[in-house]
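Right, one structure below, let's go through it.
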Amino acid sequence: MMGIGRNGIQKKEIITLLILIFLSVNLLIADSLKRESTVWLKGGFFVLFSPFQKIVMRSYRSFTDLCLQLKEFRNWRSETYHLHGQLDALVQENIRLREENLAYRRLQQLTEFMQQSEYPMVVGKIIGRDTTSWAITIFVDKGSSSGIKKDMPVITVKGVVGKVIETAPVVSKVILMQDPGFAISALIQRSRAQGVVVGQFHSDFCIMKYLSGEDDVRTGDIVLSSGEGGIFPKGLSIGVVTLVRIKENGLALEAEVKPSVNFDRLEEVIVIKEIPGKGYAPSKKGM
Amino acid sequence: MRGLKIGAILCGAIILQTTVLPYLRIKEAGLDLILIVVVYTGLYLSISRATLFGFLGGLAEDIFSGFLLGSNALSKTVIGFLTASLERKIYKENFIMQAILVFLATILNGIIFSLIFLTFRTQSSVGKHWWTVNVPGAFYNSVVGPLLFFIIKWIERHSRFRK
Chain L
1 MMGIGRNGIQ
11 KKEIITLLIL
21 IFLSVNLLIA
31 DSLKRESTVW
41 LKGGFFVLFS
51 PFQKIVMRSY
61 RSFTDLCLQL
71 KEFRNWRSET
81 YHLHGQLDAL
91 VQENIRLREE
101 NLAYRRLQQL
111 TEFMQQSEYP
121 MVVGKIIGRD
131 TTSWAITIFV
141 DKGSSSGIKK
151 DMPVITVKGV
161 VGKVIETAPV
171 VSKVILMQDP
181 GFAISALIQR
191 SRAQGVVVGQ
201 FHSDFCIMKY
211 LSGEDDVRTG
221 DIVLSSGEGG
231 IFPKGLSIGV
241 VTLVRIKENG
251 LALEAEVKPS
261 VNFDRLEEVI
271 VIKEIPGKGY
281 APSKKGM
Chain X
1001 MRGLKIGAIL
1011 CGAIILQTTV
1021 LPYLRIKEAG
1031 LDLILIVVVY
1041 TGLYLSISRA
1051 TLFGFLGGLA
1061 EDIFSGFLLG
1071 SNALSKTVIG
1081 FLTASLERKI
1091 YKENFIMQAI
1101 LVFLATILNG
1111 IIFSLIFLTF
1121 RTQSSVGKHW
1131 WTVNVPGAFY
1141 NSVVGPLLFF
1151 IIKWIERHSR
1161 FRK
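Order-wise, the sequence lines are chains L and X.
Residues in the first sequence are numbered consecutively from 1, following the working numbering.
Residues in the second sequence are numbered consecutively from 1001, following the working numbering.
Spelled out as structure tokens, the structure:
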């Protein structure tokens, strides 16, 4: 128990308490009666504390603003991350749609070409290329089950690609015009000079051989298939003459021909299944 | 010297109580920083000083609150006096004891306030106020109180007034 004395609460402390209680109660009564006597007291405290209150409130508001900005930054970062994900997905979708659009255009061109053409044809997609350096061949996703046979001509809308050399039920192997083992009877469109176009290793160009020294061949001349040999129909574009050389004996000419088809960008090809009038007649000479 | 330090801390508590703390309420219950500092003064200063600091702190709180002037002054005066009187009878360095003391001081503050309210105001929503403000506030104060005691002690130890 608390007691008044040497070891307990002293008299002056009790007096202090009583004075302060008395003051508090007086203030209570004065304030409840709306007396003006408390106004000076309130004013004094306001003057004393208001500058510090302003500083603290300003600091607090700055702090809460900073917290809010940090929160917004975190939200923004998370949103950006999310949007980046969406952007990646949209970019992928865009690429896919562009690819589909390009494929659609190519197929549309092929379809129009096939509708205008007099030959029965089948469209095949390229599914592979020869990995050795000894042959320049491609693999097409159509085979004997689609009616494709050995030696059938392979073309695109732009011109001659090559010919079928092997078939399986669902795959065909096609030798390209660039291969040295390939040969096609050809003619110069302008002068009707005839020769044979053959491929060559490690070159984007073919060679038109067996041109006589008197033939009229010029750079820029268009080279077409002549239709001789029984494989390729007449009039297919082979390429353009880029260089004319006179052979050593001076009796023959040789022309360098740039193929009409860009073999590096081949994606779909057309296989001609039959030549009307001639039927399908594979040649032993391979021309 | 110690009274000066605690006086400065009390001023800081008044400024915080009237600016930032209203934003840190948990539902209806708010933190009474001035009450906590008054309890601290009761534990570490003389009875007279604790009573005086209680009065001044309460008076400042009254001025910045919308309630009757003198209500906080009265309650904090009594709390300062009683805490200082009990100081020798309790182990004041124990956190749990500090928490209990702050809790009881908040309850006593509520009782005095309720009595003043019932005496000077006609409305009778005191019961609801107890359950929504006073009791949760007592828990809130008793949790924060010992932590603040620790901080005030640290401030006291690391601050030096030059003559």
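Think of the CB as a built atom: it goes at the ideal place given N, C-alpha and C, for glycine as much as any other residue.
A quick note: this is a predicted structure, and the numbers were derived from the prediction, not measured.
In this structure, the straight-line span from the alpha carbon of G1070 of chain X to that of E79 of chain L is close to 53 Å. X:A1050 is the residue among X:Q1098, X:A1050 and X:I1063 whose C-alpha sits nearest the C-alpha of V1078 of chain X. With a cut-off of 8 Å on Cβ pairs, the segment 167 to 181 of chain L is in contact with the segment 196 to 210 of chain L, counting three or more such pairs.
If you keep only unbroken beta strand (DSSP E) runs of at least 3 residues inside the segment 123 to 181 of chain L, you get 137 to 140, 153 to 155, 160 to 167 and 172 to 176.
Residue L:I207 holds the alpha-carbon nearest to the alpha-carbon of E254 of chain L among L:S185, L:Q10, L:I207 and L:D31.
The three-state secondary structure of K258 of chain L, taken from DSSP, is strand. Judged by DSSP secondary structure, M1001 of chain X falls outside any beta strand (DSSP E); it is assigned neither H nor E. If the five residues before and after V1037 of chain X are omitted, its C-beta is found closer than 8 Å to the C-beta atoms of I1006, I1009, L1010, A1013, F1053, G1057, L1148 and I1152, all from its own chain and listed in chain order.
No residue range can be given for I231 of chain L, since it is assigned to no alpha helix (DSSP H) and is classified by DSSP as neither H nor E. Residue pairing by DSSP places M121 of chain L opposite L:I272 in a beta bridge.
Collapsing the DSSP output to three states places K1092 of chain X in coil. For a Cβ distance threshold of 7 Å, residue set L1069, G1070 and A1073 of chain X lies close to L27 of chain L, ordered along the chain. Under the three-state reduction of DSSP output, S1065 of chain X falls in the coil class, being neither helix nor strand.
DSSP places A193 of chain L in the coil class of the three-state scheme, outside both helix and strand. Your pair K1089 of chain X and F1055 of chain X does not check out as a contact, with CB atoms roughly 23 Å apart and the cut at 8 Å. Residue pairing from DSSP places S225 of chain L in a beta bridge opposite L:A186. The beta carbons of S191 of chain L and D216 of chain L sit about 4 Å from each other, so the pair counts as a contact at 8 Å.
Going by DSSP, L251 of chain L is part of no beta strand (DSSP E) at all; its letter is neither H nor E. K125 of chain L and D151 of chain L have their C-alpha atoms roughly 18 Å apart.
In the displayed model, L266 of chain L falls within coil according to three-state DSSP, outside both helix and strand. Collapsing the DSSP output to three states places T242 of chain L in a strand.
Going by DSSP, L211 of chain L is part of the beta strand (DSSP E) stretching over C206 to S212. Taking CB atoms only, D31 of chain L has a neighbour in chain X less than 8 Å away.
The beta carbons of L1074 of chain X and S32 of chain L sit about 13 Å from each other, so the pair does not count as a contact at 8 Å. In this structure the segment 215 to 234 of chain L does not touch the segment 68 to 85 of chain L; the number of beta carbon pairs closer than 8 Å is below three. Proximity to E13 of chain L across X:G1080, X:N1134 and X:E1093 peaks at X:G1080, based on C-alpha coordinates. Leaving aside the five residues that flank E1028 of chain X on each side, the residues in its chain whose CB is nearer than 6 Å to its CB run, in chain order, T1132 and V1133.
In terms of beta-carbon proximity, T1041 of chain X stays away from the interface with chain L, with every pair separated by 8 Å or more. With contacts defined as CB atoms closer than 8 Å, R218 of chain L and V244 of chain L qualify as a contacting pair.
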